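See below for the structure under consideration.
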Amino acid sequence: MLHLAFVLRYIYKRAYYWIMKKMYLFARAILLCCVITACQKNTEEQNLPKETPVLKLWAGADSTTSLSTWELTGNSFTISNDHPDIAEVTTDHKNITVRAHKPGKATITLINEQHKQFKLLVRPVDLQSDIPGNWVSVADGSMKSYVTVKTGDPKLTDSLYNVLWKKLEDNGNTGSFRYAFTGNNVRFAAGTTSPINKEGTWTYDRLRLTLSYAGAQETYQVIPLRSIYLIELRSTLTAELQQRFPDAGITEVSTHQYWVYHRFL
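Here numbering that gives the first Met the number 0 is used: the first residue of the sequence shown is 0, the next is one more, and so on.
Here is the structure:
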């Protein structure tokens, strides 16, 4: 009997240790799986694609932005560009300079000396290529349209000023004047007189807008202000009028109109 009890006790201990060992290995396996899963999840979160920043600017314009704007670190960078025909991009390793040629999208990849990559979407736009809407004259406060006339002839100064100011009023200086876009043409109508349609062409060189009306052409310099949704249209007539009035001492003749972009609802 004693021998049988000893054998049973031995078998019990062996079974107990075997079960405990298996439970330990099982628990260890579960813990290891949890650790691996957590690490994979953390890695996946780190590798999730971050939203690519967008640099929007006028086609025909240049823009220089510090690389620190996007918290990009490094002392030396190489650049790849999938659409150099849309935007030309260079860097001095502290700033990035973009020269926009035409509307579109260009994905820029910067790689630092540690081979870390950073992507930037460059989006040149023009008067028609952004979110559908139209341009409305501001005509408010310090941004109200105005005329500059500087000559050595007081009578000519008054005459030019009145003519150009009347032209601005006809173009909707009160704020009712809007640009409407159809296809590749620019059409607009004055709100203070009968509707006027002027076919327009957009050139990307030096941000110039050329409009034709009744056999004549009007050329404006587009000057972006605080954002691409606020611009000044400046018409400089100095050289033209100096030729017409060579003895009048003309030094400056220009008109200035401010426009804000209204999106269609």
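Heads up, the beta-carbon is just placed ideally off N, CA and C, and yes, glycines get one too. Please read all numbers here as calculations on a predicted model, not as lab measurements.
Item	Value
Do you know how far the Cα of residue 93 is from the Cα of residue 266?	The first residue shown for the chain is 0 and the last is 264, placing residue 266 beyond what the model contains.
Using alpha carbons as the reference points, say which of 210, 110 and 101 lies closest to residue 85.	101
In whole angstroms, give me the CA-to-CA distance for residue 215 and residue 123.	30 Å
According to the neighbour-count rule (16 or more other Cβ atoms, all chains shown, within 10 Å of its Cβ), is residue 172 buried or exposed?	The pLDDT assigned to residue 172 is 48, lower than 50, so where the model puts this residue is not dependable; a value taken from the coordinates is nonetheless given after this. It counts as buried.
Label residue 327 either buried or exposed according to how many other C-beta atoms from any shown protein chain fall within 10 Å of its C-beta, with 16 as the threshold for buried.	Nothing about residue 327 can be reported from this structure: the residues present for the chain run from 0 to 264 only.
Give the single residue among 98, 125, 88 and 136 whose Cα lies nearest to the Cα of residue 107.	88
Compare the Cα-Cα distances from residue 232 to each of 243, 242 and 206 and report the closest residue.	206
Ordered along the chain, which non-local residues of its own chain (more than five positions away) have a Cβ less than 6 Å from that of residue 257?	137, 142 and 231
For the pair the stretch 240-259 and the stretch 145-164, tell me if three or more CB-CB distances fall below 8 Å.	yes
Contact check, residue 121 vs residue 97 under 8 Å by CB: the rounded distance?	6 Å
Within its chain, find whatever has a CB closer than 7 Å to the CB of residue 251; leave out the 5 residues flanking it on each side and keep chain order.	147, 149 and 237
Would you call the CB atoms of residue 64 and residue 71 closer than 8 Å?	no
From what residue to what residue does the alpha helix (DSSP H) around residue 239 run?	237-243
Counting only the same chain and skipping the five closest in sequence on each side, list residues whose C-beta sits under 8 Å from that of residue 204.	59
Count the other CB atoms, across all protein chains shown, that sit within 10 Å of the CB of residue 254; report buried if there are 16 or more and exposed otherwise.	buried
Can you give me the Cβ contacts of residue 62 inside the same chain, cut-off strictly under 6 Å, excluding the 5 residues immediately before and after it?	56 and 97
For residue 113, which of 260, 261 and 75 has the nearest alpha-carbon?	75
Is residue 249 helix, strand or coil when you go by DSSP?	coil
Below 6 Å CB to CB, which residues in the same chain sit around residue 235 once its five sequence neighbours on both sides are set aside?	253
Using the beta-carbon count (16 or more within 10 Å), is residue 43 buried or exposed?	For residue 43, the predicted model reports a pLDDT of 40, less than 50, meaning its position is unreliable; a value from the coordinates is still stated below. Exposed is the call here.
Quick one: is residue 144 buried, meaning 16 or more other Cβ sit within 10 Å of its Cβ, or exposed?	buried
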